[in-house]
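Visitor:
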Amino acid sequence: MTKGSKPQAPSEFTKRVLQLVSRIPVGQVATYGDLAEKAGRPGAARAVGRLMATGSRRGLPYHRVVAASGRLGGYGGSEALKAGLLAAEGLTVRRGRILDFGRCRWRGQS
DNA sequence: GTGTTGACGCCTA
DNA sequence: ATAGGCGCCAACA
Numbered sequence: 808m809t810k811g812s813k814p815q816a817p818s819e820f821t822k823r824v825l826q827l828v829s830r831i832p833v834g835q836v837a838t839y840g841d842l843a844e845k846a847g848r849p850g851a852a853r854a855v856g857r858l859m860a861t862g863s864r865r866g867l868p869y870h871r872v873v874a875a876s877g878r879l880g881g882y883g884g885s886e887a888l889k890a891g892l893l894a895a896e897g898l899t900v901r902r903g904r905i906l907d908f909g910r911c912r913w914r915g916q917s
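Residue numbers (this note's numbering): 808 to 917.
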C-alpha cells in the first residue's frame with residue numbers, strides 16, 4: 808500500500824506529549840508547559856492543552872496534567888472532577904489548587 | 001493558505 | 001489579589 812492518502816499523521820510533538828502523559832506515575836502531575844518542553848516545543852503549552860481538549864488518544868491520565876503555578880486548569884468542563892481524581896491519586900487539592908504541587912510535580916527523570 | 005480557537009505561560013498595571 | 005495583554009504552537013473551518 809502506498810501512502811496515497813495520509814490519515815491524520817500525528818506529529819512527533821503530539822506523539823511525544825501523549826507518550827509523556829502516559830508515563831506520568833500515580834501521585835504525580837505534570838504541567839502543560841513541562842510536557843511541551845519535554846516534547847521538544849518549549850512554550851507550546853497551548854498546543855499541549857489543545858491535544859488534551861481534542862484528545863487524540865484516550866485512556867491517558869489527562870487528569871494528571873495541570874496548569875502551572877499549581878492551578879488545575881480545566882477538564883472538559885468539570886475541574887472538580889479533575890480535583891477529585893487527583894485527590895484519589897493521593898494528592899491534595901484546595902479550591903482548585905494543588906497543594907503539594909512542587910512535591911508531586913513529575914520531573915520525568917531527575 | 002488564512003483566520004480563529006483552545007483543558008496555557010508569563011509579564012505588567 | 002485581580003485584571004488585561006502578548007506570545008507560543010497545533011488542529012479545524
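All residues carry an ideal CB built from backbone N, CA and C; glycine is no exception. On a predicted model such as this, the values are computed, not experimentally measured, just so you know.
Give me, in chain order, the residues of the same chain whose beta-carbon lies closer than 6 Å to that of F908; leave out the 5 immediate sequence neighbours on both sides.
Guide: Once the five neighbours on either side are set aside, the close Cβ partners of F908 are G877.
Visitor: Using only the alpha-carbon positions, how far apart do W913 and R823 sit?
Guide: Straight-line Cα distance between these residues: approximately 16 Å.
Visitor: Within the chosen definition, does the stretch 823-835 reach the stretch 883-901 through at least 3 CB pairs nearer than 8 Å?
Guide: Because the criterion of three Cβ pairs below 8 Å is met, the stretch 823-835 and the stretch 883-901 touch.
Visitor: Could you give the first and the last residue of the continuous alpha helix (DSSP H) run that contains L888?
Guide: Looking at the DSSP string, the run of the alpha helix (DSSP H) that includes L888 is 886-896.
Visitor: Quick one: what does DSSP say R857 is sitting in, helix, strand or coil?
Guide: Three-state result, R857: helix.
Visitor: Let me know if L888 comes out buried or exposed under the rule of 16 or more other beta-carbons within 10 Å of its beta-carbon.
Guide: L888 should be labelled exposed.
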